[in-house]
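For the sequence shown, the numbering used here assigns the number 980 to the initial residue and increments by one for each residue that follows. Every residue, glycine too, gets a C-beta built ideally from N, C-alpha and C. No experiment lies behind these values; they were computed from the predicted model shown. Heads up, the thing below is written out as structure tokens.
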Amino acid sequence: MLAILLIAVIFGSGLLGMMGLGGGIVYVPLLSWWGLDFATGAIPLSLFLGIATSSSAAYTYYRNGLVQTKTSLTAASTVLLGAPAGAWAMTVIPTGVVKVLFSAAAGYVVYSIFSTRDPVDRSAPLTVYRAWVILTIGFFVGFFSGLLGIGGGFLLVSFLLATGFPTRQAVATSSLVVVVSATAAFLSHLPHADFPIPTALLLAAAALTGSRLGGLWVTHYARPRTLRIIVGAIILVISLKMGWDGFFSLMK
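Shown next as structure tokens:
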């Protein structure tokens, strides 16, 4: 069973890490299926793996000049507020409600991605409008990291695309923010975390390997249109799954 989990983590980190999405949307259900408690095991360990996944991808993108540092730091400033807020909200807000709202927002984001084209101009200056949007999205990236253990990178990627960022820059910039988001959320959950450390380190090594390979593909081979289709498809699946889980959670 551990071998299957390792393979799934490598695949998930390669696919989602290279998209700046962190990988938590795959890690949380996998770790729950493996037998860890959702709140004390699956979520904190998912965040730990998200740190490894996003760090590897962010390093690859930064070396190739794709990360917009000002944008990343702007989002990270409110991520640090959102992560502990999400960890606290997990104790008072029905998870089903959050998942349904999350699904609706993600559905709109998918529409935005497929209805816009990649900009011809490869620059994406941090205007006042973009700064306010990114500050707001940064908070929710952190919030969903703390609440659901999913990193929240898909929110930032989506809105960067919707506000005119080229696809590679959006993916690369998001990966750096997810490092901050996952770290802040992991530290918020750490006092109550309960998972086997040797296994966590082994899974982190698998996540590093997968995200490194995925990051190299995005940097050197992937076409912007291909990336946009993959990002949109992944977020659509996330949206549908979250909505489904949230609906049935509320019906219980």
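Note that the C-beta distance between Thr1048 and Ala1110 is not below 7 Å. In this structure, the straight-line span from the alpha carbon of Asn1043 to that of Trp1196 is close to 12 Å. Assignment of Gln1047 by DSSP, reduced to helix, strand and coil, places it in the coil class. Counting every other CB atom within 10 Å of its CB across the protein chains shown gives Arg1202 a total below 16, marking it as exposed. In this structure, DSSP gives Asp1016 a state outside helix and strand, which the three-state scheme calls coil. One Cα belongs to Leu1045, the other to Phe1144, and the distance between them is close to 11 Å. In the structure shown, the three-state DSSP call for Ala1172 is coil. The straight-line gap separating the alpha-carbon atoms of Asp1016 and Ile1030 is approximately 20 Å. Going by beta carbons, Leu1009 and Leu1182 fall outside the 7 Å limit.
Inter-residue distance for Leu984 and Trp1013 is about 8 Å (C-alpha atoms, whole angstroms). Judged by their CB atoms, Gly1222 and Ser1082 are nearer to each other than the 7 Å cut-off. When the alpha-carbon of Val1071 is set against those of Val1120, Val1089 and Gly1125, the nearest one is in Gly1125. In the three-state reduction of the DSSP assignment, Thr1162 falls in the helix class, which pools H, G and I.
Judged by their CB atoms, Ser992 and Gly1121 are not nearer to each other than the 7 Å cut-off.
With distances taken between CA atoms, Arg1204 lies nearest to Val1150 out of Ser1056, Thr1106, Ala1163 and Val1150. Less than 7 Å divides the Cβ of Phe1174 from the Cβ of Gly1020.
Of the residues Phe1123, Gly1193 and Ile1208, the one whose Cα lies closest to the Cα of Ala1164 is Phe1123. Where Ile1113 is concerned, the enclosing alpha helix (DSSP H) starts and stops at Val1107 to Leu1127.
One Cα belongs to Gly1065, the other to Ala982, and the distance between them is close to 32 Å.
In terms of Cα proximity to Pro1063, the closest of Gln1148, Ala1036, Ala1212 and Phe1119 is Phe1119.
Taking all protein chains shown into account, Ile1176 has fewer than 16 neighbouring C-beta atoms within 10 Å of its C-beta and is therefore exposed. Cβ atoms of Tyr1006 and Ser1154 stay farther apart than 8 Å, at about 16 Å.
By the Cβ neighbour-count rule, Leu1139 is buried, with 16 or more other Cβ atoms within 10 Å of its own.
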